[in-house]
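Trainee: Residue numbers (the numbering used here): 19 to 371.
Idealized CB from N, CA, C, for every residue including glycine.
Since the structure is predicted, the reported quantities are computational estimates derived from the model, not experimental observations.
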Ligand SMILES: *[C@@H]1O[C@H](CO)[C@@H](O)[C@H](O)[C@H]1NC(C)=O
Ligand SMILES: *[C@@H]1O[C@H](CO)[C@@H](O)[C@H](O)[C@H]1NC(C)=O
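1. Leaving out five residues on either side along the sequence, give the residues of the same chain with a beta carbon under 6 Å from the beta carbon of residue 279.
2. On the criterion of 16 or more Cβ atoms from any shown chain inside 10 Å, does residue 146 qualify as buried, or is it exposed?
3. Nearest CA to the CA of residue 93: which residue from 85, 78, 83?
4. Using a Cβ-Cβ cutoff of less than 7 Å, which residues in the same chain neighbour residue 196 once the five nearest sequence positions on both sides are dropped?
5. Strictly by DSSP, which residues pair up with residue 79?
6. Please look up how many angstroms separate the CB atoms of residue 176 and residue 347, rounded, as I've assumed it's under 8 Å.
7. Mind checking who residue 146 pairs with in its DSSP beta bridge?
8. Near residue 291, what residues of its chain come up, given a Cβ to Cβ distance below 6 Å and the 5 sequence neighbours on each side ignored?
9. Could you tell me the alpha carbon to alpha carbon distance between residue 97 and residue 342, rounded to whole angstroms?
10. Please look up how many angstroms separate the CB atoms of residue 191 and residue 330, rounded, as I've assumed it's under 8 Å.
11. Compute every distance between the C-beta of residue 141 and the non-hydrogen atoms of ligand 2, then say whether any falls below 7 Å.
12. Once you ignore the five residues that flank residue 223 on each side, which residues in its own chain have a CB closer than 7 Å to its CB?
13. DSSP three-state label for residue 276, please.
14. For ligand 2, any of its heavy atoms closer than 7 Å to the Cβ of residue 107?
15. Kindly indicate which residue of 164, 182, 160 has the alpha-carbon position closest to the one of residue 141.
16. Taking the CB atoms as reference points, tell me whether residue 214 and residue 207 lie closer together than 8 Å.
17. What does a CB cutoff of less than 8 Å around residue 242 pick up in its chain, not counting 5 residues either side in sequence?
18. Between residue 158 and the rest of its own chain, which residues show a CB-CB distance below 8 Å, the 5 nearest in sequence each way excluded?
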């Protein structure tokens with residue numbers, strides 16, 4: 019009979035299973051009665067990886083000075099409340115550095131000025147670039163070199179913006195006195211830029227006071243703020259148009275008390291950074307002519323003009339000391355992502371496409 023023979027083949031296994039099962043229950047009962055501390059001491063837990071580097075300083079090495087210009091390696095703690103950072107430009111510190119910052123524009127095409135010693139396993143390489151893709155050479159040999167990005171884009175690993183809007187300290191803002199309507203300071207002239215085309219049409223309808231190298235009228239750094247402050251409006255025209263590429267051209271007039279007229283990414287994009295009623299966007303108007311008419315109207319209506327400063331009752335604009343802030347934000351990032359391995363392998367597509 020098939021059934022009997024089936025039971026017959028199983029029989030030799032039944033006793034061992036019963037015995038093992040019994041032993042198992044006994045063992046579990048003993049474990050259950052044991053004090054919990056004993057049980058814990060018998061299990062070997064994997065130590066959770068500490069995500070924040072503690073007990074020692076985070077060393078950030080500035081491998082090359084941006085555009086060859088040294089900046090003061092001031093205290094991140096005093097400036098930005100970021101503790102535990104050691105910033106250095108001493109390449110002898112390479113093997114101990116937790117993060118190394120490389121400035122895109124200064125990297126040689128053949129990588130001859132990059133480190134040639136082994137990269138320590140804990141070390142992250144930081145790709146720093148604050149120029150727009152139009153003004154940044156795309157280097158395919160940078161592929162697979164970096165771990166994190168330091169950039170003006172909001173979706174960079176370490177976002178670094180040209181300015182910030184902060185709560186106003188005190189409430190003593192006054193619009194500086196004005197003796198010009200629209201001003202523009204521009205150093206690099208390139209006739210294929212959109213801003214140049216826009217300016218060429220706008221100036222047919224309204225007087226624009228122009229300064230800067232491009233017009234043979236350079237403005238010294240001492241006169242810079244006062245010059246912008248003496249104008250009711252300032253052309254905050256970016257040299258190229260890219261998402262989040264919003265530079266000091268916006269924050270300069272905002273900080274001195276002049277209304278920026280912006281040309282750059284969309285109004286929506288600007289409003290991610292600054293209050294929507296703090297600026298005029300060229301796209302608010304169908305044409306440069308209509309923008310000019312609006313400016314002339316505001317020139318005659320002081321109340322309407324002053325509405326562009328309502329935001330100053332509670333807020334103010336501050337320009338960023340870009341490179342020192344970038345170094346300190348890098349330190350903060352590396353401290354808080356200490357055991358995380360990461361590669362910025364898609365630089366080409368993320369940034370240039
Ligand atoms: C001028 O701008 C165009 C487009 O943005 C760019 O392709 C070109 O390289 C620029 N020329 C100079 C001399 O910068
Ligand atoms: C940094 O990136 C390199 C290249 O992609 C990679 O080999 C390395 O493991 C990364 N290191 C860290 C600490 O993330």
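Mentor: Walking through what the data contain:
1. Locating residue 279 in the chain shown gives position 261, where the first residue counts as 1. These residues qualify, in order along the chain: 251, 253, 298.
2. By 1-based counting over the chain shown, the position of residue 146 is 128. Looking at its Cβ environment, which holds 16 or more other Cβ atoms inside 10 Å, residue 146 is buried.
3. What you label residue 93 is simply residue 75 of the chain shown in a count that begins at 1. The shortest C-alpha separation from residue 93 is found at 78.
4. One-based indexing of the chain shown puts residue 196 at position 178. So the qualifying residues of the chain are 248, 249, 250.
5. One-based indexing of the chain shown puts residue 79 at position 61. Answer is 106, 118, bridged to residue 79.
6. Mapped onto the chain shown, residue 176 falls at position 158. Mapped onto the chain shown, residue 347 falls at position 329. With a Cβ gap of about 5 Å, residue 176 and residue 347 count as contacting.
7. Stepping through the chain shown from its first residue, residue 146 is reached at position 128. Beta-bridge pairing links residue 146 to 121, 168.
8. Reading the chain shown from its first residue, position 273 is the one you call residue 291. Once the five neighbours on either side are set aside, the close Cβ partners of residue 291 are 264.
9. As a working mapping, residue 97 is identified with position 79 in the chain shown. As a working mapping, residue 342 is identified with position 324 in the chain shown. About 9 Å.
10. Along the chain shown, one-based indexing puts residue 191 at 173. Along the chain shown, one-based indexing puts residue 330 at 312. So it is a contact: roughly 5 Å between Cβ atoms.
11. As a position in the chain shown, residue 141 is number 123, starting the count at 1. Yes, ligand 2 has a heavy atom inside 7 Å of this Cβ.
12. For this step, residue 223 is matched to residue 205 along the chain shown. If we look at residue 223 and ignore the five residues flanking it on each side, its Cβ neighbours are 306, 307, 310.
13. Along the chain shown, one-based indexing puts residue 276 at 258. Look at residue 276 here: in three-state DSSP terms it is coil, with no helix or strand label.
14. Taking the first residue of the chain shown as position 1, residue 107 is located at position 89. Because no heavy atom of ligand 2 lies under 7 Å away, the Cβ of residue 107 does not count as near it: no.
15. Your numbering for residue 141 matches position 123 in the chain shown. Looking at the Cα atoms, 164 is the closest of the given residues.
16. Within the chain shown, numbered from 1, the residue matching residue 214 stands at position 196. Within the chain shown, numbered from 1, the residue matching residue 207 stands at position 189. Contact: yes.
17. Looking up residue 242 in the chain shown gives position 224. Once the five neighbours on either side are set aside, the close Cβ partners of residue 242 are 203, 270.
18. Along the chain shown, read from residue 1 onward, the residue named residue 158 stands at position 140. Here the set comprises 366.
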